[in-house]
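Counting in this note's numbering, the final residue of the sequence shown is number 161, and the numbers go up one at a time with none missing. Note that the Cβ used here is the ideal one computed from N, Cα and C, for glycine as well. Read through the structure below, which is laid out as structure tokens, and then see the notes.
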Amino acid sequence: MVTLTLSDQQVVELVKQLPLTSKQAVLDALMNERELWWNVTVLKNEEQLRLLASQRGLNWDAMPDDKREEFVDEILHE
């Protein structure tokens, strides 16, 4: 199997040459990957927030949304 090395710009240019349905398939694949990345990132951050809340004697899971927002705001401004 031959391996082809392309720059990001070359890949973009190749995708631009695809028929519309193929472009949509590429976009769908990228969106699925982005959604997976986002879900993993959110889970990791939520675990960190649980830990930080616990260290301050708070229960992240029991906090209402407005208290969570206040807590995150406090963390960001420390």
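What is the rounded straight-line gap between the Cα of N115 and the Cα of N122? Translated into the one-based positions of the sequence shown, residue 115 becomes position 32. Translated into the one-based positions of the sequence shown, residue 122 becomes position 39. Using only the alpha carbons, I get a separation of about 11 angstroms.
Report the three-state DSSP secondary structure of S137 (helix, strand or coil). By one-based count along the sequence shown, residue 137 stands at place 54. S137 falls in the helix class under three-state DSSP.
What does the Cβ neighbour count give for A136, buried or exposed, with the cut at 16 atoms within 10 Å? If you number the sequence shown from 1, residue 136 lands on position 53. By the 10 Å Cβ count, A136 comes out buried.
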